[in-house]
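Residue numbers (the numbering used here): 3 to 107.
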């Protein structure tokens, strides 16, 4: 068996389920709140046991609407093909306010 066949088999394995379509178009994830952005922020928040999770819309790269239903492992590489890292920071409320204001500007 070729490595590409093995990789394809891994990518087809179930990774989760979406009850609704997932909005991943660049025109949306980079300009407004989306369910994909919310999902990523929630994953960051829960994985790092943080009060707030922030996701950069530019790191979400699928540029499509992902149909509701079974999500496969390939979904992860489709949405996050890069090597971005998560940073866990402790900041004051004032700094958090400045971060959010900057993100909205």
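Just so it is clear, CB atoms sit at the ideal spot from N, CA and C, and this is done for glycine as well. Just so we're clear, the structure is a prediction, and the values are computed from it rather than from any experiment.
Check, Outcome
"Report yes or no: do three or more beta-carbon pairs, one from the segment 34 to 49 and one from the segment 92 to 100, lie closer than 8 Å?", "no"
"Under the DSSP definition of a beta bridge, which residues are partnered with residue 73?", "18"
"Do you know how far the Cα of residue 92 is from the Cα of residue 7?", "44 Å"
"To the nearest angstrom, how far is the alpha carbon of residue 10 from that of residue 95?", "45 Å"
"What three-state label does DSSP hand residue 54 in the structure shown?", "coil"
"On a Cα-Cα basis, can you pick out the residue from 74, 57, 83 that is closest to residue 35?", "57"
"Based on the DSSP secondary-structure assignment, which residues constitute the bridge partners of residue 25?", "67"
"Secondary structure at residue 90, three-state DSSP: helix, strand or coil?", "coil"
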